[in-house]
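Reviewing the structure listed below.
There are 2 protein chains.
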Amino acid sequence: MQINLKRIDKDFNIEARNDEGNTLLMDGSKEIGGNGKGMRPMQLLLAALGGCSSVDIISILRKQKQELESVEIEVNGDREPVGVEGYSLFKNIEVHFILKGNVDKDKVDRAVKLSMEKYCSVTKTLEPTAKITYKVTLN
Amino acid sequence: MQINLKRIDKDFNIEARNDEGNTLLMDGSKEIGGNGKGMRPMQLLLAALGGCSSVDIISILRKQKQELESVEIEVNGDREPVGVEGYSLFKNIEVHFILKGNVDKDKVDRAVKLSMEKYCSVTKTLEPTAKITYKVTLN
């Protein structure tokens, strides 16, 4: 899996591209001279977590003939203050799944649990450094 | 830091949005029914790594009056096969910085080292589960 990135302005605006030509934009914070032209790199980690779990949940429920009408996710991340080390990790990440559809609640709860505790590779990547919690609101 | 996500088709196309209104698209793999309308969530982790280190490197060198003319990064990630656990982490991630400009090579090498070994919060987040290596090509 390869991602190619390049700076596309004279500051911190970075375009990332995958092998299929899908792109996304990142930018540095305004404090250091960024221009607000894309997400911050650490925001991508939260987006990836929401995306990964969504894909799992939709896929698991689809196999059970449970079709969700709408899927929304709020992901909140609290970062540690920058220490002497110079970096700032996520300390707590909360994921709130807001799902709608004519679906079985137990099947939904189980699909979310399977994703968040077993299948989602992004969760497993972020878990060693962040405490990840989640909740589900259905209909 | 909050990211809001929602499914925008009937399959796996997910839009993520930050507080400033910046958006990006993700999609599931074609094998499970995705439509290629965005990056895969695990690809976002590689993009975030390239973006985070780029921001650091540009910022460090700018403070030293070293202005890069162009910044490109290739990030390659090898994933473990999916095991009985159900997930698949990155095993090795290689970052190749391709930099151009009338800049001091030692300052560039030091900026890259500082980012990759000290400052970049994305690197620190991915390091517990993946072996991360890097190299620099200057001019």
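Residue numbers (my numbering), protein chains in the order written: chain A, 1173 to 1311; chain B, 1173 to 1311.
Ideal Cβ positions, reconstructed from N, Cα and C, are used throughout, including at glycine.
Since this is a predicted model, take the numbers as computed values, not measurements.
Checklist entry - Using a Cβ-Cβ distance under 8 Å, would Y1259 of chain A count as near chain B? => result yes
Item to check | Chain-ordered neighbours of R1251 of chain B on chain A, where CB pairs are closer than 8 Å | outcome: M1173 and S1293
Checklist entry - Of all the alpha helix (DSSP H) runs that stay within the bounds of the stretch 1271-1297 of chain A, which reach a length of 4 or more residues? => result Counting only runs of 4 or more, we get 1277-1286.
Checklist entry - Are the Cβ atoms of P1253 of chain A and V1294 of chain B separated by less than 8 Å? => result no
Item to check | C1292 of chain A vs S1231 of chain A beta-carbon contact at 8 Å | outcome: No. Outside cutoff.
Checklist entry - Given a limit of 8 Å on CB to CB distance, which residues of the stretch 1204-1228 of chain A reach chain B? => result I1204, G1205, G1206, G1208, K1209, G1210, M1211, R1212, P1213, M1214, Q1215, L1216, L1217, L1218, A1219, A1220, L1221, G1222, G1223, C1224, S1226 and V1227
Item to check | chain B within 8 Å of N1176 of chain A, Cβ atoms only | outcome: yes
Checklist entry - Which residues bound the beta strand (DSSP E) around G1249 of chain B? => result S1242 to R1251
Checklist entry - Using Cβ-Cβ distances below 9 Å, what residues of the stretch 1235-1246 of chain B are close to chain A? => result E1239, L1240, S1242, V1243, E1244, I1245 and E1246
Next on the checklist: Helix, strand or coil for L1261 of chain A? Go by DSSP, reduced to three states.
Outcome noted: coil
Checklist entry - Apart from the five residues just before and just after S1249 of chain A, which ones in its own chain have a Cβ nearer than 6 Å to its Cβ? => result Ser is not the amino acid found at residue 1249 of chain A; the sequence shown has Gly there. Answer for G1249 of chain A: L1218, F1262 and I1265, listed in chain order.
Item to check | Beta carbon of G1222 of chain B nearer than 8 Å to that of L1177 of chain A | outcome: Yes, Cβ-Cβ distance for G1222 of chain B and L1177 of chain A is below 8 Å.
Item to check | For I1180 of chain A, the nearest candidate out of B:K1237, B:T1301 and B:V1243 (CA to CA) | outcome: The alpha carbon of I1180 of chain A has as its nearest neighbour, out of B:K1237, B:T1301 and B:V1243, the alpha carbon of B:V1243.
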